[in-house]
Amino acid sequence: MKFALFGGAAAGALFASQVAFAAPEVKIDGSSTVYPVTEAVAEEFQKAKKGAVRVTVGISGTGGGFKKFCRGETDISNASRPILAQEMEACKQAGVDYIELPVAFDALAVVVHPQNNWAEVMTVDELKKIWEPAAQGKITNWKQVRPDWPDAKLSLYGAGADSGTFDYFTEAVVGKAKSSRGDYTASEDDNILVQGVSGDKFALGFFGFAYVHENPGKVKTVKIVNPKTGKPVEPSMEHVIDGSYQPLSRPLFIYVNRKAAERPEVAEFVEFYLVNGASLAREVGYTPLPDAAYKAAWARFQERKTGTVFGGVPEVGVQIMELLQRELKS
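First residue of the sequence shown? That's 32 in the working numbering, and the numbers climb one at a time after it.
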């Protein structure tokens, strides 16, 4: 015989709260650049699981995310660059093995205010002139970059020091990762940078393309002159695929804790990510990888193959097919 301790809606509410309380959790943190696609995957995954699994996605920058990940505080780390040697060592010391999975490509965008009608095209050398450490307190006016540009204060917005975008941009533009002037508005949260540039006619900034895609009309992208061809190229999915948007195209990753991967909810989430990542990456403004790359990543995950196909140092100019070849060989 069964006894009804609670009736109707009260019983349903109690059951729902118990399920929510008991639901296993997948903890993710790291890159603000990767955040839009991981958050989109998390939302769809939680819908598919009907509340049976919770997925939390934080933003502390790629570097900040790896600090948490290598301490074993998160299951998955979003990264807008490959793991670096010092982070590899930190994970090793803590006994954290990781599985590296590429999930999309980004056209790192240089942006200005929509009313900016002069900086339509810029060269890498001009960007270096603005952002290198020697520019601090000296290059403060648009006219100093090009004589025919306005005599107006140059307001700068960019990624913070814990950001993989900061690492990649400084390596690609200045020639050394983390080498930058310090007198600019910095944040690991790209939404703050969007707000800054959109509210300042004389602003210049940089962040992942998804934040351009998410904020139509608020900022305008600058065409970057390809150093090899001399042709101005706008950031776009097409130009990432054909390899012409250089040197600011870059792969995006998730890193999965090897031990956490044994938990069913983490394994299911990663599978869902690799199956649906292409469509969701496109939806938020990133460039999907070829199907073969997702299949290679899935095989890597199934085999629980740990480590990185990169050398622990910043790399600039890696194109989609080169990344695919590395994945297939690993």
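Just so you know, even glycine gets a beta-carbon here, dropped at the ideal spot from N, CA and C.
query                                                                                                               : result
Those residues which DSSP pairs with Pro263 across a bridge                                                         : Val256
Thr87 - containing beta strand (DSSP E), residue span                                                               : Arg85 to Val88
Under the three-state DSSP convention, the category Thr69 falls into                                                : helix
Proximity below 8 Å, CB of Val287 to CB of Leu115                                                                   : no
Any 3 or more C-beta pairs closer than 8 Å across the region 99-109 and the region 56-71                            : yes
Identified DSSP bridge partners for Val287                                                                          : Ile107 and Ile130
Three-state secondary structure (DSSP) of Pro164                                                                    : helix
Backbone secondary structure at Asp198 - three-state DSSP                                                           : helix
Rounded straight-line distance, which links the Cα of Val205 to that of Arg212                                      : 10 Å
Asn172 (DSSP reduced to helix, strand or coil)                                                                      : strand
CA-to-CA distance, Thr93 to Val65, given in whole angstroms                                                         : 9 Å
Cα-Cα separation, Val155 to Val256                                                                                  : 7 Å
Anticipated Cβ contact below 8 Å, Pro258 with Pro278, distance rounded                                              : 7 Å
Per DSSP, the bridge partner or partners of Gly61                                                                   : Asn109
Residues sharing a beta bridge with Phe237, DSSP                                                                    : Val141
Distance CB(Arg335)-CB(Ser361) smaller than 8 Å                                                                     : no
Inter-residue Cα distance where the pair is Leu158 and Pro113                                                       : 23 Å
Rounded C-alpha distance that separates Leu359 from Ala324                                                          : 8 Å
Every unbroken alpha helix (DSSP H) within the region 296-338, with a cutoff of 4 residues, ordered by chain        : 322-333
Sequence-distant residues of its chain with Cβ nearer than 7 Å to Asp182 (five each side left out)                  : Asn172 and Lys174
Short Cβ contact (8 Å threshold) for Tyr276 with Ala138                                                             : yes
Nonlocal neighbours in the same chain, by C-beta distance under 7 Å from Ala166, ignoring five residues either side : Lys160 and Arg212
Option nearest Gly103 by Cα separation, candidates Lys123, Phe76, Arg85 and Val88                                   : Lys123
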